[in-house]
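Reading through the structure tokens given below for one structure.
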Amino acid sequence: DSGVTQTPKHLITATGQRVTLRCSPRSGDLSVYWYQQSLDQGLQFLIQYYNGEERAKGNILERFSAQQFPDLHSELNLSSLELGDSALYFCASSESIRDTEAFFGQGTRLTVV
Amino acid sequence: AQTVTQSQPEMSVQEAETVTLSCTYDTSENNYYLFWYKQPPSRQMILVIRQEAYKQQNATENRFSVNFQKAAKSFSLKISDSQLGDTAMYFCAFMLANFGNEKLTFGTGTRLTIIP
Numbered sequence: 199d200s201g202v203t204q205t206p207k208h209l210i211t212a213t214g215q216r217v218t219l220r221c222s223p224r225s226g227d228l229s230v231y232w233y234q235q236s237l238d239q240g241l242q243f244l245i246q247y248y249n250g251e252e253r254a255k256g257n258i259l260e261r262f263s264a265q266q267f268p269d270l271h272s273e274l275n276l277s278s279l280e281l282g283d284s285a286l287y288f289c290a291s292s293e294s295i296r297d298t299e300a301f302f303g304q305g306t307r308l309t310v311v
Numbered sequence: 629a630q631t632v633t634q635s636q637p638e639m640s641v642q643e644a645e646t647v648t649l650s651c652t653y654d655t656s657e658n659n660y661y662l663f664w665y666k667q668p669p670s671r672q673m674i675l676v677i678r679q680e681a682y683k684q685q686n687a688t689e690n691r692f693s694v695n696f697q698k699a700a701k702s703f704s705l706k707i708s709d710s711q712l713g714d715t716a717m718y719f720c721a722f723m724l725a726n727f728g729n730e731k732l733t734f735g736t737g738t739r740l741t742i743i744p
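Chains as they are written, first to last, in the numbering used here: chain A, 199 to 311; chain B, 629 to 744.
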């Protein structure tokens with residue numbers, strides 16, 4: 199158990215809908231990352247938050263947004279969903295910006311039908 | 629931009645044998661970190677081993693070791709005495725050491741199967 203909790207584990211929704219994925223980082227970790235893993239692909243970096251503020255953005259679609267709350271949990275919002283958004287979405291956390299070891303949650307499997 | 633390439637989509641090896649997974653990367657930076665992550669069927673991403681680019685000595689963690697060739701931009705993972713529990717996807721990943729660039733860039737992975 200990495201200490202990073204992601205909910206829900208599985209999500210099935212229809213095209214055009216909006217979903218929210220939730221991540222609780224390890225206790226004390228200030229940095230949260232979101233990654234997308236499409237079928238048989240490596241992980242693609244989406245976005246990073248540090249202590250409530252957006253720190254870095256990757257190839258995140260405009261239909262996607264995220265935030266980190268004062269209690270440090272983070273949410274990834276995906277809207278106007280398309281079939282191609284079906285993927286495994288991972289959250290990872292690390293203690294600080296300079297910590298090179300990121301701990302990953304078990305991911306949320308999103309299926310868009 | 630940094631890229632990571634894993635040219636072996638799938639590999640298999642007999643239990644107790646040694647296997648080497650390949651990874652090459654491209655960067656113009658001098659300070660960075662390299663990682664191997666394991667993703668078993670449970671989907672959990674597990675850090676296997678980490679290498680700092682400024683260190684010439686290759687990292688080792690029990691049965692796992694790396695061959696880091698900085699000039700060649702190569703970072704292979706050797707698994708000795710392979711076990712059934714080593715069956716998983718293995719991802720090579722890169723991170724710049726520069727402040728403000730803490731994201732991981734991953735390769736597409738190698739699916740490793742250990743045969744009993």
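For each residue, glycine too, the CB sits at the ideal point set by N, CA and C.
Keep in mind the model is a prediction, meaning the values are calculated, not measured.
**OP:** May I ask you to list the residues that DSSP assigns as paired with B/L649?
**Re:** B/L705
**OP:** Identify whether B/L712 lies in helix, strand or coil by the three-state DSSP scheme.
**Re:** helix
Original post:
In whole angstroms, what is the alpha-carbon distance linking B/A681 and A/T309?
Top reply: 38 Å
Original post:
Can you find a C-beta in chain A that's less than 8 Å from the C-beta of B/Q672?
Top reply: yes
Original post:
Which residues mark the beginning and the end of the beta strand (DSSP E) in which A/R224 is found?
Top reply: Where A/R224 is concerned, there is no enclosing beta strand (DSSP E), given that its DSSP letter is neither H nor E.
Subject >> Exposed unless 16 or more other CB atoms sit within 10 angstroms - verdict on B/D714 >> reply: buried
**OP:** Go ahead and label A/A290 buried or exposed: buried means 16 or more other beta carbons lie within 10 angstroms of its beta carbon, across all protein chains shown.
**Re:** buried
**OP:** Name the two residues that bound the continuous beta strand (DSSP E) containing A/N275.
**Re:** S272 to L276
Original post:
Can the beta-carbon of A/S315 be found closer than 8 Å to that of B/Q672?
Top reply: This structure cannot settle anything about residue 315 of chain A, because the visible part of chain A is limited to 199 through 311.
**OP:** Would you mind telling me which residues of chain A sit closer than 7 Å to B/G737, beta carbon to beta carbon, in chain order?
**Re:** G240
**OP:** For the beta strand (DSSP E) holding A/S229, just list the boundary residues, first then last.
**Re:** S229 to Q235
Subject >> Inter-residue spacing [alpha-carbon to alpha-carbon] between B/L740 and B/F719 >> reply: 11 Å
Original post:
Considering only residues of the same chain and omitting the five flanking positions on each side of B/E693, which have a CB-CB separation below 8 Å?
Top reply: The identity of residue 693 of chain B in the sequence shown is Ser, whereas the question assumes Glu. These residues qualify, in order along the chain: I677, N686, A687, L705, K706 and S708.
Original post:
On the three-pair Cβ rule with 8 Å, is the segment 220-230 of chain A touching the segment 268-287 of chain A?
Top reply: yes
Original post:
Which residues, taken in chain order from the segment 277-305 of chain A, show a beta carbon closer than 9 Å to some beta carbon of chain B?
Top reply: L286, F288, A290, S292, I295, R296, D297, T298, E299, A300, F301, F302, G303, Q304 and G305
**OP:** Compute every distance between the C-beta of B/V647 and the non-hydrogen atoms of the ligand GDP, then say whether any falls below 7 Å.
**Re:** Among the components modelled here there is no ligand, and therefore nothing to report on the ligand GDP.
Original post:
Among B/M723, B/Q711, B/N690 and B/C651, which residue has its Cα nearest to the Cα of B/Q636?
Top reply: B/C651
Original post:
Straight-line CA distance for B/L712 to A/E251?
Top reply: 42 Å
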